[in-house]
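Trainee: Residue numbers (the numbering used here), protein chains in the order written: chain A, 1 to 245; chain B, 246 to 490.
Built from N, CA and C at the ideal position, the CB exists for glycine as well.
Here it is, the structure, as structure tokens.
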């Protein structure tokens with residue numbers, strides 16, 4: 001499984017992805033799920049991936065290879081919309097290619113999910129959720145974030161605290177709490193977590209940050225959040241009608 | 246969708262179920278999902294249901310009807326294990342019956358999930374999770390609760406605060422917080438919530454309690470929990486490495 005989140009907020013973009021892949025609990029490995037295409041000063045495009053690893057890797061490899069060799073590629077499309085369309089076309093291409101022999105792919109889910117965000121000069125930062133069906137939606141002021149993979153455990157806290165105006169540092173804190181809830185409940189989501197933040201209109205080179213088991217801040221968050229929840233819980237009174245049940 | 250939780254703790258049992266059913270967002274209705282079989286002084290068996298409503302209703306109707314007319318029924322089986330087996334057999338019977346004509350049931354999921362708990366004199370209180378496949382597992386000291394339906398949003402808080410020794414009043418409080426998280430994140434889970442608590446070895450008649458929109462305690466929980474979470478969140482510092490990202 002996988003857990004990835006990205007947010008498109010007033011001040012910029014936040015991306016986070018775990019790095020555990022598994023094909024059954026006895027086949028677990030670490031793969032980076034955050035992929036960066038950038039031309040500092042001009043554009044940044046970040047892709048987060050979930051789903052069939054053969055498919056998502058192939059899509060990323062083709063996008064990278066073609067950014068060096070083909071005329072129409074992620075480093076020269078005019079808009080983020082066109083970038084999403086190019087990713088979508090590449091997903092179609094890979095899945096069509098890999099599913100051409102029904103005898104060997106029957107019953108296998110070849111689909112992948114992608115979150116794609118970034119900024120191309122001339123546009124605001126934009127964020128897209130590319131579905132397993134390869135069609136896509138864009139984030140809005142009302143729904144400024146997307147999740148892919150094991151999204152449910154970590155959704156309630158984001159819904160409660162993140163809105164379009166949330167400062168990036170707080171959005172990152174919320175993202176890490178969301179990861180903590182997910183990792184606690186689903187063994188197949190695991191550290192390290194790759195983090196990236198992009199300040200709107202900066203077009204600066206980005207440096208993904210990797211959170212490992214020993215990360216002091218992440219461990220402090222896990223501890224204070226857990227303790228804080230238990231405190232809030234204990235401060236809420238029991239139901240006055242409990243004894244009448 | 247549905248959300249049901251039940252817990253088998255040191256002091257007894259807690260059951261909770263929402264009452265929203267839907268066949269598409271334009272076809273939403275209220276149905277009780279908590280069903281009680283009792284002989285005060287001798288036994289209590291509670292069933293919570295999720296999944297195909299035609300299947301789960303038929304299973305409950307047959308179990309009720311047969312408790313009045315047949316020799317082998319939920320009101321006279323010797324153990325909770327045998328009760329689980331009887332429910333399982335009835336599920337098999339209903340699904341076999343309703344799926345006999347492939348031409349009309351193709352592609353329809355006829356399965357249902359059940360949580361069954363209670364106490365029969367001579368045994369401790371016991372709790373079972375009956376899967377859509379109609380086989381079942383029993384709760385343990387390590388895992389003293391089960392959920393069916395839309396379980397993920399409301400799982401992290403239970404994992405953090407409930408263990409076998411948790412007093413029933415606290416377990417109920419946690420259950421309601423778990424419902425709050427679920428209802429906020431999934432439109433298809435909705436009030437009213439039916440609640441039942443059973444004190445171990447009491448064999449007393451039970452009175453399910455219904456939480457409606459206007460329930461003062463539930464609304465206070467929703468408010469204090471949300472406010473409490475935001476307070477804990479704001480007390481956690483931002484990452485000291487955030488500016489280096």
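Going by DSSP, what residues sit across from residue 249 of chain A in a beta bridge?
Mentor: The requested residue 249 of chain A is not part of the displayed model; chain A covers only 1 to 245.
Trainee: Can you look up residue 170 of chain A in the DSSP assignment and give me helix, strand or coil?
Mentor: The residue labelled residue 170 of chain A in the question sits at position 170 within the first chain. In this structure, residue 170 of chain A counts as helix in the three-state DSSP scheme.
Trainee: Tell me whether residue 216 of chain A is buried or exposed, calling it buried when 16 or more other Cβ atoms sit within 10 Å of its Cβ.
Mentor: One-based indexing of the first chain puts residue 216 of chain A at position 216. The residue in question, residue 216 of chain A, is exposed, as its Cβ has fewer than 16 Cβ neighbours within 10 Å.
Trainee: How is residue 75 of chain A classed by DSSP in three states: helix, strand or coil?
Mentor: Here residue 75 of chain A is taken as the residue at index 75 of the first chain, counted from 1. It is coil, neither helix nor strand.
Trainee: Please state whether the Cβ-Cβ distance between residue 254 of chain B and residue 441 of chain B is less than 9 Å.
Mentor: Against the second chain, residue 254 of chain B aligns to sequence position 9. Against the second chain, residue 441 of chain B aligns to sequence position 196. Cβ distance not < 9 Å, so residue 254 of chain B and residue 441 of chain B don't count as in contact.
Trainee: Taking contact to mean at least 3 C-beta pairs separated by less than 8 Å, is the stretch 415-432 of chain B in contact with the stretch 208-222 of chain A?
Mentor: When C-beta atoms of the stretch 415-432 of chain B are compared with those of the stretch 208-222 of chain A, fewer than three pairs fall below 8 Å, so the two segments do not count as touching.
Trainee: Are the beta-carbon atoms belonging to residue 370 of chain B and residue 292 of chain B less than 9 Å from one another?
Mentor: Translated into positions along the second chain, residue 370 of chain B becomes position 125. Translated into positions along the second chain, residue 292 of chain B becomes position 47. No. Outside cutoff.
Trainee: Evaluate residue 141 of chain A with the Cβ neighbour count: other Cβ atoms within 10 Å of its Cβ, from every protein chain shown; 16 or more gives buried, anything less gives exposed.
Mentor: Taking the first chain and counting its residues from 1, the one referred to as residue 141 of chain A is at position 141. Answer is exposed; the Cβ neighbour count stays below 16.
Trainee: Residues of chain B with CB closer than 7 Å to the CB of residue 155 of chain A, please, in chain order.
Mentor: Against the first chain, residue 155 of chain A aligns to sequence position 155. By Cβ distance, chain B contributes 398 and 430.
Trainee: Between which two residues does the beta strand (DSSP E) containing residue 151 of chain A stretch?
Mentor: Within the first chain, the letter at position 151 stands for residue 151 of chain A. First-last for residue 151 of chain A: undefined, no H or E at that position.
Trainee: Out of B/481, B/334, B/357 and B/295, which has the shortest C-alpha to C-alpha gap to residue 275 of chain B?
Mentor: By 1-based counting over the second chain, the position of residue 275 of chain B is 30. The residue with the shortest Cα to Cα distance from residue 275 of chain B is B/295.
Trainee: Starting from residue 265 of chain B, follow its DSSP beta bridges and name the residues at the other end.
Mentor: The residue you call residue 265 of chain B lines up with position 20 of the second chain. Answer is B/275, bridged to residue 265 of chain B.
Trainee: Could you say which of B/328, B/261, B/260 and B/323 lies nearest to residue 380 of chain B if we only look at CA atoms?
Mentor: Position 135 of the second chain, counting from 1, holds the residue named residue 380 of chain B. Checked all of B/328, B/261, B/260 and B/323; the closest Cα to residue 380 of chain B is B/328.
Trainee: Just curious, the alpha helix (DSSP H) that residue 224 of chain A is in, first and last residue?
Mentor: For the purposes of this step, residue 224 of chain A is identified with residue 224 of the first chain, where counting begins at 1. Where residue 224 of chain A is concerned, the enclosing alpha helix (DSSP H) stretches over 216-235.
Trainee: For residue 444 of chain B, which residues of its own chain have a beta-carbon under 7 Å away from its beta-carbon, when the five flanking residues on both sides are left out?
Mentor: As a working note, residue 444 of chain B is residue 199 in the second chain. Excluding sequence neighbours, residue 444 of chain B sits near 256 and 257.
Trainee: Would residue 88 of chain A be called buried (16 or more neighbouring beta carbons within 10 Å of its own) or exposed?
Mentor: For the purposes of this step, residue 88 of chain A is identified with residue 88 of the first chain, where counting begins at 1. Label assigned to residue 88 of chain A: buried.
Trainee: Closer than 9 Å by beta-carbon distance: list the chain B residues that pair up with residue 172 of chain A, in chain order.
Mentor: Within the first chain, the letter at position 172 stands for residue 172 of chain A. Near residue 172 of chain A (Cβ distances below 9 Å), the residues of chain B are 483, 484, 487 and 490.
Trainee: Would you say residue 390 of chain B and residue 250 of chain B are within 9 Å of each other, going by their C-beta atoms?
Mentor: Start at 1 with the first residue of the second chain, and residue 390 of chain B comes out as number 145. Start at 1 with the first residue of the second chain, and residue 250 of chain B comes out as number 5. Yes.
Trainee: Nearest-angstrom Cα distance between residue 132 of chain A and residue 52 of chain A?
Mentor: The residue you call residue 132 of chain A lines up with position 132 of the first chain. The residue you call residue 52 of chain A lines up with position 52 of the first chain. Just so you know, the alpha carbons of residue 132 of chain A and residue 52 of chain A end up roughly 10 Å apart.
Trainee: Residues of chain A with CB under 7 Å from residue 471 of chain B, in chain order?
Mentor: As a working mapping, residue 471 of chain B is identified with position 226 in the second chain. Those are 160, listed as they occur along chain A.
Trainee: Can you list, in chain order, the residues of its chain with a C-beta nearer than 8 Å to that of residue 418 of chain B? Leave out the 5 residues immediately preceding and following it.
Mentor: Looking up residue 418 of chain B in the second chain gives position 173. Hits under 8 Å: 466.
Trainee: Mind checking whether residue 189 of chain A and residue 20 of chain A have CB atoms under 9 Å apart?
Mentor: Taking the first residue of the first chain as 1, we reach residue 189 of chain A at position 189. Taking the first residue of the first chain as 1, we reach residue 20 of chain A at position 20. In this structure, residue 20 of chain A lies closer than 9 Å to residue 189 of chain A by Cβ.
Trainee: Is residue 35 of chain A helix, strand or coil by DSSP?
Mentor: Numbered from its first residue, the first chain carries residue 35 of chain A at position 35. Residue state, collapsed to three classes: strand.
Trainee: Is residue 247 of chain B helix, strand or coil when you go by DSSP?
Mentor: The residue given as residue 247 of chain B occupies position 2 in the second chain. Coil.
Trainee: Excluding sequence positions up to five away, which residues of its chain have a Cβ less than 7 Å from the Cβ of residue 423 of chain B?
Mentor: Within the second chain, the letter at position 178 stands for residue 423 of chain B. Taken in chain order, the residues that qualify are 250, 399, 402 and 403.
Trainee: Helix, strand or coil: which one does DSSP assign to residue 359 of chain B?
Mentor: Here residue 359 of chain B refers to the residue found at position 114 of the second chain. Strand.
Trainee: Can you tell me whether DSSP reads residue 65 of chain A as helix, strand or coil?
Mentor: In the first chain, residue 65 of chain A corresponds to position 65, counting from 1. Correct three-state label for residue 65 of chain A: helix.
Trainee: Please report the residue range of the alpha helix (DSSP H) in which residue 336 of chain B lies.
Mentor: For the purposes of this step, residue 336 of chain B is taken as residue 91 along the second chain, with counting starting at 1. It spans 325-343 - the alpha helix (DSSP H) in which residue 336 of chain B sits, taken as one unbroken run.
Trainee: Pick helix, strand or coil for residue 300 of chain B, following the three-state DSSP scheme.
Mentor: Residue numbering aside, residue 300 of chain B sits at position 55 when the second chain is read from its first letter. Helix.
Trainee: Is it buried or exposed, residue 231 of chain A, if we count other Cβ atoms within 10 angstroms and call 16 or more buried?
Mentor: Position 231 of the first chain, counted from the first residue, corresponds to residue 231 of chain A. Label assigned to residue 231 of chain A: exposed.
Trainee: Show which residues of chain A have a CB atom less than 9 Å away from the CB atom of residue 342 of chain B.
Mentor: Along the second chain, one-based indexing puts residue 342 of chain B at 97. Those within 9 Å of residue 342 of chain B in chain A number zero; the least Cβ separation is about 29 Å.
Trainee: The alpha helix (DSSP H) that contains residue 102 of chain A, what's its start and end?
Mentor: Counted from its first residue, the first chain places residue 102 of chain A at position 102. Note, residue 102 of chain A: alpha helix (DSSP H), 102-105.
Trainee: Check residue 372 of chain B in the structure and name its three-state DSSP category.
Mentor: The residue given as residue 372 of chain B occupies position 127 in the second chain. The answer is strand: DSSP assigns residue 372 of chain B an E or B state.
Trainee: Name the chain B residues whose beta carbon is nearer than 8 Å to that of residue 232 of chain A?
Mentor: Translated into the one-based positions of the first chain, residue 232 of chain A becomes position 232. Those are 469, 470, 473, 474, 476 and 477, listed as they occur along chain B.
Trainee: Compare the Cα-Cα distances from residue 92 of chain A to each of A/119, A/55, A/117 and A/75 and report the closest residue.
Mentor: Residue numbering aside, residue 92 of chain A sits at position 92 when the first chain is read from its first letter. Here the closest residue by C-alpha is A/55.
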